[in-house]
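*Asks:* I have a structure I would like to understand better, so I am pasting it below and will then ask my questions one at a time.
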Amino acid sequence: KGKYSVADATELKASALLEKCGGLPLALESKAKFLKSEEDLTKSKCEDACRKLCAPEGCDDTLGRMHGVLASSYESLCTLVLQQCLLYFCMFPRGHRVRRNPLIRRWLAEGLVHVQPGDAVSTTPQDIAIENLETLIDRSIIQSMEVSTCGNVKRCQPPGMMLEYIVRKSMSQNFITLLCGESETAEEWDYVRRLSLHDYCAAKLPKGLSHLRTLAVFPAGDAAKNEPTLDFAKYDLLRV
Numbered sequence: 001k002g003k004y005s006v007a008d009a010t011e012l013k014a015s016a017l018l019e020k021c022g023g024l025p026l027a028l029e030s031k032a033k034f035l036k037s038e039e040d041l042t043k044s045k046c047e048d049a050c051r052k053l054c055a056p057e058g059c060d061d062t063l064g065r066m067h068g069v070l071a072s073s074y075e076s077l078c079t080l081v082l083q084q085c086l087l088y089f090c091m092f093p094r095g096h097r098v099r100r101n102p103l104i105r106r107w108l109a110e111g112l113v114h115v116q117p118g119d120a121v122s123t124t125p126q127d128i129a130i131e132n133l134e135t136l137i138d139r140s141i142i143q144s145m146e147v148s149t150c151g152n153v154k155r156c157q158p159p160g161m162m163l164e165y166i167v168r169k170s171m172s173q174n175f176i177t178l179l180c181g182e183s184e185t186a187e188e189w190d191y192v193r194r195l196s197l198h199d200y201c202a203a204k205l206p207k208g209l210s211h212l213r214t215l216a217v218f219p220a221g222d223a224a225k226n227e228p229t230l231d232f233a234k235y236d237l238l239r240v
């Protein structure tokens, strides 16, 4: 429909827009309909589409329906444990392919999975964790990115739009505190249990982290760089 600009900047923005879909059919359909309604596809319109896709408020019916599907996918998880296992993925940066075994060990160390009454006597927490991950993948909420020769998932990640959703959900529930980039401030956070730093200067951290139980730093090399300002002696509850 209409004329479309093919400038390099526009193509890059369009590619970024498609990347946010993360393979979700409804997201692809919604973006296609949204962009088709525009007379000229320009860089600014691609940027506007990205903003609208990240914000459920004020978006059109098609995009609103997509956000509704994301919420429905989350709410359809039958247990709080499954929901928390999903929320835990926002601990990792966008595009990070999460390794299966370290993820399961993190879930176990966090105490997110437990053997429930009625489970088989031989069932272990690790069995439950593996089953939870398989459930998230089977429902296409989490994507398998790499498999072993025997067919087991080695690496996985949430689609882009699902990651956007669970980040907002996790922050609203104070499940994980996420700080990205140099510009963000953490002064307002006075009760932090799980903290993930993505390319963030630890010197800007809030002083009161006495309740901190989990700390993740990406890239991993930043942990050593920021070690002088990470006062581990005061993190009495730190376990992961």
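Per the UniProt record's numbering, the sequence shown runs over residues 1 to 240.
Beta carbons: idealized from backbone N, C-alpha and C, even for Gly.
Just so we're clear, the structure is a prediction, and the values are computed from it rather than from any experiment.
Across the segment 149-159 and the segment 171-179, are there enough close Cβ pairs to call them in contact, namely three or more that are closer than 8 Å?
*Replies:* no
*Asks:* Going by CA-CA distance only, name the one from L195, F218 and P219 that's closest to H211.
*Replies:* In the sequence shown, the residue the question calls residue 211 occupies position 211. Nearest option by C-alpha distance: L195.
*Asks:* Can you find the residues in the same chain that come closer than 7 Å, C-beta to C-beta, to V167, ignoring five residues on each side of it along the sequence?
*Replies:* Taking the sequence shown and counting its residues from 1, one reaches residue 167 at position 167. Contacts found: C90 and L178.
*Asks:* Along the chain, where does the alpha helix (DSSP H) containing M171 start, and where does it finish?
*Replies:* Residue mapping note: residue 171 aligns to position 171 of the sequence shown, counting from 1. M171 -> alpha helix (DSSP H) spans G160 to S172.
*Asks:* T214 and E131 - do their beta-carbons sit closer together than 8 Å?
*Replies:* Here residue 131 refers to the residue found at position 131 when the sequence shown is read from its first residue. Here residue 214 refers to the residue found at position 214 when the sequence shown is read from its first residue. Their beta carbons are not under 8 Å apart, which means E131 does not touch T214 by this criterion.
*Asks:* What's the C-alpha gap between C180 and D138?
*Replies:* Position 180 of the sequence shown holds residue 180. Position 138 of the sequence shown holds residue 138. If you take the alpha carbons of C180 and D138, they lie about 30 Å apart.
*Asks:* Beta carbon of L86, beta carbon of I141: below 8 Å?
*Replies:* Within the sequence shown, the letter at position 86 stands for residue 86. Within the sequence shown, the letter at position 141 stands for residue 141. Against a cut-off of 8 Å, the Cβ pair of I141 and L86 comes out as a contact.
*Asks:* Tell me the DSSP secondary structure of S140 in three-state form.
*Replies:* Walking along the sequence shown from the start, residue 140 turns up at place 140. Residue state, collapsed to three classes: coil.
*Asks:* For T214, which of helix, strand or coil comes out of DSSP?
*Replies:* What you label residue 214 is simply residue 214 of the sequence shown in a count that begins at 1. Here T214 sits in strand by DSSP.
*Asks:* Give the secondary structure of Q157 by DSSP, where H, G and I count as helix, E and B as strand, and everything else as coil.
*Replies:* Residue 157 sits at position 157 when you count from the first residue of the sequence shown. Residue state, collapsed to three classes: strand.
*Asks:* By the three-class DSSP mapping on this structure, what secondary structure does L77 have?
*Replies:* As a first step, residue 77 is located in the sequence shown; it is residue number 77 there, counting from the start. Coil, per DSSP.
*Asks:* Of all the CB atoms in chain C, is at least one closer than 8 Å to the CB of F89?
*Replies:* Annotation note: the requested chain C is absent from the structure, which comprises a single protein chain.
*Asks:* Considering L209, what are the terminal residues of the alpha helix (DSSP H) in which it resides?
*Replies:* If you number the sequence shown from 1, residue 209 lands on position 209. From DSSP, L209 is part of no alpha helix (DSSP H); its letter is neither H nor E.
*Asks:* Look at the alpha carbon of V121 and the alpha carbon of L108, and state the distance between them as a whole number of angstroms.
*Replies:* Here residue 121 refers to the residue found at position 121 when the sequence shown is read from its first residue. Here residue 108 refers to the residue found at position 108 when the sequence shown is read from its first residue. V121 and L108: Cα-Cα distance of roughly 18 Å.
*Asks:* For Q84, I'd like the list of residues in its chain whose CB is within less than 6 Å of its CB, leaving aside the five on either flank, ordered along the chain.
*Replies:* Locating residue 84 in the sequence shown gives position 84, counting from the first residue. Hits under 6 Å: L112.
*Asks:* DSSP beta-bridge partners for C177?
*Replies:* Numbered from its first residue, the sequence shown carries residue 177 at position 177. One point to set straight first is that residue 177 is Thr, not Cys, in the sequence displayed. Paired residue(s): L195.
*Asks:* For a test of the three-state rule: what should DSSP assign to R99, helix, strand or coil?
*Replies:* Position 99 of the sequence shown, counting from 1, holds the residue named residue 99. Correct three-state label for R99: strand.
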